[in-house]
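Chemist: Below are the structure tokens for one structure; questions will follow.
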Amino acid sequence: MDGIGNTESGFAAHAEGLNTTASGTASHSEGYQTTASGNASHAEGSTTTAAGAASHTEGYLTNSTIDTAHAEGDSTLASGAAAHAEGYNTNASGIGSHAEGGETLSSGLYAHAEGQNTSAIGQASHAQGMLSSASGDLSHAEGQSTTASGVSSHAEGASTIAAGANSHAEGTGSTTTVNGISAHAEGEGNTASGRASHAEGGAQDPSGTAAPNLSSGPSSHAEGLEQPPVVLPPMQ
5 MDGIGNTESG FAAHAEGLNT TASGTASHSE GYQTTASGNA SHAEGSTTTA
55 AGAASHTEGY LTNSTIDTAH AEGDSTLASG AAAHAEGYNT NASGIGSHAE
105 GGETLSSGLY AHAEGQNTSA IGQASHAQGM LSSASGDLSH AEGQSTTASG
155 VSSHAEGAST IAAGANSHAE GTGSTTTVNG ISAHAEGEGN TASGRASHAE
205 GGAQDPSGTA APNLSSGPSS HAEGLEQPPV VLPPMQ
């Protein structure tokens, strides 16, 4: 035992630093007010807790609550088995998941969330960027405020939604609906709701205001800048 105010209560445990506790068998605590309560666990830094067997915490206010988890950074939580949380205020609760960046959540099995305020909820899903959410299994959301809720869907750009299975939404404000299986919406404000449909481009009135294209039939395709009809004045 090294340091001041430390406690070694676990068999073959080692506590060093200031006010640290090593209560798990073969555990190791170091730094300031750290606790290694899991067998073969390691807690270091300041105010960290390694409660899972073979878990590891480091940094400040980090917590690994389950076996083989790893939490590092500031105010992170690794609660899934073999999960890894790093950065600031991240939460890796899915088995084998990885949360990094700032205020991210990886709750799906083997999910990966990175960036800022992203959520990877689906199994093997991936969310990156800012305010993006990948809730469909095997889905991928990237960019800003994107949502990939369909299985194997991909949403990218800004404010896009890929709700159809195997669908792809990109651009700004484009959407594939739940019925838009394997659909593709791109451009600005377009919607692909038919199976295997494709909507792209954007309509535009003379004032420059964008109006969306809609592809709702199976295997349908809508594209281009469509001008509204011009109404001629009555003949004199």
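Count the sequence shown with this note's numbering and you get residues 5 to 240, in order. Quick reminder that beta carbons are idealized off the backbone N, C-alpha and C, glycines included. Computed from a prediction, not measured in an experiment: that's the story for all the values here.
Restricting to runs no shorter than 3 residues, where is the beta strand (DSSP E) found entirely within the region 106-175?
Modeler: none
Chemist: Just mark Ile185 as buried or exposed, buried being the case when its beta carbon has 16 or more other beta carbons within 10 Å.
Modeler: To locate residue 185, count along the sequence shown from 1; it is residue 181. Flag for Ile185 reads buried.
Chemist: Please name the residue or residues paired with Asn194 in a DSSP beta bridge.
Modeler: The residue labelled residue 194 in the question sits at position 190 within the sequence shown. Per DSSP, none; premise fails for Asn194.
Chemist: Would you list the one or two residues that DSSP bridges to Leu218?
Modeler: Locating residue 218 in the sequence shown gives position 214, counting from the first residue. According to DSSP, which records beta bridges pairwise, Leu218 is partnered with Thr195.
Chemist: Quick one, which of Gly198, Thr61 and His88 has its alpha-carbon nearest Ala167's?
Modeler: For the purposes of this step, residue 167 is taken as the residue at position 163 of the sequence shown. If we check each option's Cα against that of Ala167, Gly198 comes out closest.
Chemist: Please check the pair Glu204 and Gly193, which I expect to be a contact at CB under 8 Å, by giving their CB distance rounded to whole angstroms.
Modeler: To locate residue 204, count along the sequence shown from 1; it is residue 200. To locate residue 193, count along the sequence shown from 1; it is residue 189. That pair is no contact at about 11 Å.
Chemist: For a quick check, are the C-beta atoms of Thr164 and Glu174 less than 8 Å apart?
Modeler: Within the sequence shown, residue 164 is the residue found at index 160, counting from 1. Within the sequence shown, residue 174 is the residue found at index 170, counting from 1. Taking a C-beta distance under 8 Å as the contact criterion, Thr164 and Glu174 qualify as a contact pair.
Chemist: If Gly100 and Ala86 are in contact, beta carbons under 8 Å, what's the gap, nearest whole angstrom?
Modeler: The residue you call residue 100 lines up with position 96 of the sequence shown. The residue you call residue 86 lines up with position 82 of the sequence shown. Right, the Cβ-Cβ distance comes to about 5 Å (below 8 Å), so this counts as a contact.
Chemist: Would you mind working out which of Ser143, Ser156 and Gly161 sits nearest Thr150, comparing C-alpha positions?
Modeler: Indexing the sequence shown from 1 puts residue 150 at position 146. Answer by Cα proximity: Gly161.
Chemist: Just to confirm, are Ser45 and Ser59 a CB contact at a threshold of 8 Å?
Modeler: In the sequence shown, counting from the first residue as 1, residue 45 sits at position 41. In the sequence shown, counting from the first residue as 1, residue 59 sits at position 55. Taking the C-beta atoms as reference points, Ser59 is found nearer than 8 Å to Ser45.
Chemist: Nearest to Glu120 by alpha carbon, out of Tyr114, Gln127 and Ala145?
Modeler: By 1-based counting over the sequence shown, the position of residue 120 is 116. Going by the sequence as given, residue 120 is Gln instead of Glu. Here the closest residue by C-alpha is Ala145.
Chemist: Quick check on DSSP: helix, strand or coil for Glu48?
Modeler: The sequence position of residue 48 within the sequence shown is 44, counting from 1. Coil at Glu48, not helix or strand.
Chemist: Name the DSSP beta bridge partners of Ser68, please?
Modeler: Here the question's residue 68 lines up with position 64 in the sequence shown. According to DSSP, Ser68 bridges with Ala54 and Ala82.
Chemist: Can you name, in chain order, every residue of its own chain whose Cβ lies under 7 Å from the Cβ of Gly9, other than the five neighbours on each side?
Modeler: Looking up residue 9 in the sequence shown gives position 5. Closer than 7 Å at the Cβ level, and outside the excluded window around Gly9, lie Leu22 and Asn23.
Chemist: Can you grab the Cα-Cα spacing for the pair Ala152 / Ser27, in whole Å?
Modeler: Along the sequence shown, one-based indexing puts residue 152 at 148. Along the sequence shown, one-based indexing puts residue 27 at 23. Ala152 and Ser27: Cα-Cα distance of roughly 44 Å.
Chemist: Which value, in whole angstroms, describes the spacing of the CA atoms of Gly147 and Ser220?
Modeler: In the sequence shown, counting from the first residue as 1, residue 147 sits at position 143. In the sequence shown, counting from the first residue as 1, residue 220 sits at position 216. For Gly147 and Ser220, the distance between alpha carbons rounds to 26 Å.
Chemist: Considering only residues of the same chain and omitting the five flanking positions on each side of Ser68, which have a CB-CB separation below 7 Å?
Modeler: Stepping through the sequence shown from its first residue, residue 68 is reached at position 64. Hits under 7 Å: Ala54, Ala55, Gly56, Ser59, His60, Thr61, His74, Ala75 and Ala82.
Chemist: Once DSSP output is grouped into helix, strand and coil, what is the label at Gly212?
Modeler: Counting from 1 along the sequence shown, the entry for residue 212 is found at position 208. Only weak support exists for where Gly212 lies, its pLDDT of 36 falling under 50; the value from the coordinates is given anyway. Gly212 falls in the coil class under three-state DSSP.
Chemist: Taking buried to mean at least 16 other C-beta atoms within 10 Å of its own C-beta, is Ser157 buried or exposed?
Modeler: As a working note, residue 157 is residue 153 in the sequence shown. Looking at its Cβ environment, which holds 16 or more other Cβ atoms inside 10 Å, Ser157 is buried.
Chemist: Please state the DSSP three-state secondary structure of Ile185.
Modeler: Position 181 of the sequence shown, counted from the start, is the residue given in the question as residue 185. The answer is coil: DSSP assigns Ile185 none of H, G, I, E or B.
Chemist: So, under 8 Å CB-CB, Thr66 and Thr52 are touching, yes? Tell me the CB distance rounded to an integer number of Å.
Modeler: Within the sequence shown, residue 66 is the residue found at index 62, counting from 1. Within the sequence shown, residue 52 is the residue found at index 48, counting from 1. The Cβ separation is near 5 Å, so the contact holds.
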